[in-house]
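Undergrad:
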Amino acid sequence: MSKENDQKKIEFLEQALEEVVILPSKTRMWKLFAKSKLRRYKDMCLELDAEELNLNKLSKQLSMEWPGKLVEDHEE
Numbered sequence: 040m041s042k043e044n045d046q047k048k049i050e051f052l053e054q055a056l057e058e059v060v061i062l063p064s065k066t067r068m069w070k071l072f073a074k075s076k077l078r079r080y081k082d083m084c085l086e087l088d089a090e091e092l093n094l095n096k097l098s099k100q101l102s103m104e105w106p107g108k109l110v111e112d113h114e115e
């Protein structure tokens with residue numbers, strides 16, 4: 040998933056939730072429920088972005104040349 044797509048989905052859902060007409064209390068309850076799920080989705084996107092950033096950093100570190108030798112060469 041791209042970050043732009045995630046952001047577009049979040050904005051669309053937020054706008055849709057704002058347009059929900061609060062008539063009976065059940066509609067209000069469902070709107071609050073949906074908003075809480077949307078907040079969780081946002082948090083998950085942020086967590087995934089952070090994990091992706093950490094993986095990219097780790098990947099770069101692993102691909103860097105080792106500064107020394109792990110095992111000394113022995114002459115026979």
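Going by the numbering used here, the letters in the sequence shown line up with residues 40 to 115, in that order.
Ideal Cβ positions, reconstructed from N, Cα and C, are used throughout, including at glycine.
1. Determine the closest residue to LYS48 out of TRP69, LYS81 and GLU91, with distance taken between C-alpha atoms.
2. According to DSSP, is MET68 part of a helix, a strand, or is it coil?
3. With DSSP as the reference, label MET103 as helix, strand or coil.
4. Whole angstroms are fine: how far does the CA of LEU92 sit from the CA of GLU53?
TA: Inspection of the coordinates gives the following:
1. LYS81
2. helix
3. coil
4. 26 Å
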